[in-house]
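First the structure, in the form of structure tokens, and then the observations on it.
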Amino acid sequence: MSVLRVAPRTAVILTLASVAALATFTWPFFVPAQPESMARTTEAPLVFIVVLPILLALVLAELSSGGIDSKALAMLGVLAAVNAALRPLGAGTAGIETVFFLLVLAGRVFGPGFGFLLGAISLFASALLTAGVGPWLPFQMLAAAWLGLGAGLLPSRLRGRAEIAVLAGYGAVAAYAYGLLMNLWFWPFSVGADTQLSYVAGAPVLENLHRFAVFTAVTSTFGWDTGRAVTTAVAIVLVGPAVLAALRRAARRAAFDAPVTFATPSAPGPVPITPAKDGGCGVRPQGSGQQVPAVDPHLPPQTPFP
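So the sequence shown is numbered by the UniProt record's numbering: it starts at 1 and just counts up by one.
Structure (structure tokens):
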């Protein structure tokens, strides 16, 4: 059971966001596009215009439904900063990526909505740190958001070695899927024409899918994507148990899903009156063993009025 529950409204927003994001990757298969080099440099700002309102809408939906509070937002910021700091350690050299294992583990603990936001924000923050801002950035944000979303949708009852094995397998498959999506965003516009790997405007969907499958297998699947998959799976196996325990401990201590209740103060009870040792009347406060005399014994006795 995830720490941050996804309300029905949030689930609708996530579905619409995923459909809109998928359309930004696959529209050349259904609408003929001109295969000009880097033609998507003009499309990237439009994708940002779509992505950012989706992220804002998701945050607002989670806030209004009680799914994300100030503590969860703080956790989101901390994990995004950690991911942004981890990414330069690999920088994609030979496919080595150090950012996805934490995204998978955090999505597993905090849920699909949290994972979706963490994936998009982490890639955006890391791009600012590494000067990686370009037309590819909105597509990287969308692909990483899906990766975190999928981690939060894995079966919740798994624990121990079975959980680590499933997460490692998912991390490897998600790494290949990430590479495939990142090839898809530029493939129709950068390979050129009149080759066996080129995009053919107006051709049947299956023909272009076959050309793209050959292109991604030759250029990245057996190289960069395999390095990313191995790195992610190995990192989950090695540090996954410790990181999962730390994240779950932080979630329990923060009590993200604990309802806020206000206790009504009870009215104070009567103060018991007990006889003093000198025969007078004394007051014994509740919870104390001391007796407070009502009359000072050092004063002379008072004479009653006639």
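Heads up, the beta-carbon is just placed ideally off N, CA and C, and yes, glycines get one too. Quick caveat, the model's predicted, so the values are computed rather than measured.
Contact check for A168 against A233 passes: the beta carbons are separated by less than 8 Å. Per the C-alpha coordinates, the member of S156, P88, P8 and F124 positioned closest to G111 is S156. For the pair I164 and V78, the CB atoms are not nearer than the 8 Å cut-off. Beyond the five residues adjoining it in sequence on each side, Y176 comes within less than 6 Å, by CB distance, of D225 and A229 in the same chain, given in chain order.
In the assembly as shown, F116 is a buried residue. Its beta-carbon has 16 or more other beta-carbons within 10 Å. In the structure shown, the three-state DSSP call for T15 is helix. Excluding the 5 residues flanking it on each side, T221 has same chain C-beta neighbours closer than 8 Å at Y176, G179 and L180, in chain order. Assigned with DSSP and collapsed to three states, F222 falls in coil, not helix or strand. Under the Cβ criterion (8 Å, minimum of three pairs), the segment 136–156 counts as touching the segment 14–29. Annotated three-state conformation of S122 is helix, per DSSP. Rounded to whole angstroms, the separation of the alpha carbons of A250 and P28 is 44 Å.
By the Cβ neighbour-count rule, G107 is buried, with 16 or more other Cβ atoms within 10 Å of its own. With fewer than 16 other Cβ atoms inside 10 Å of its own Cβ, A23 counts as exposed. Assignment of P8 by DSSP, reduced to helix, strand and coil, places it in the helix class. Between the beta-carbon of L103 and that of L149 there is about 10 Å, and that puts the pair past the 8 Å contact cut. Assigned with DSSP and collapsed to three states, Y199 falls in coil, not helix or strand. The beta-carbon separation of F101 and A235, rounded to 4 Å, stays under the 8 Å limit for a contact. If you check the CB distance, L128 and A80 do not come in under 8 Å. Just so you know, the alpha carbons of A217 and N183 end up roughly 10 Å apart. Contact annotation: T130 and R87 have beta-carbon atoms nearer than 8 Å. Only exposed fits G202, as fewer than 16 other CB atoms lie within 10 angstroms of its CB. A direct Cα-to-Cα measurement between L137 and A174 gives close to 18 Å. Between L154 and V166, the gap from beta carbon to beta carbon is short of 8 Å. Counting along the chain, R108 sits inside the alpha helix (DSSP H) bounded by residues F100 to F110. Burial check for T98: the Cβ neighbour count within 10 Å reaches 16 or more, so the residue is buried.
The straight-line gap separating the alpha-carbon atoms of A21 and F189 is approximately 18 Å.
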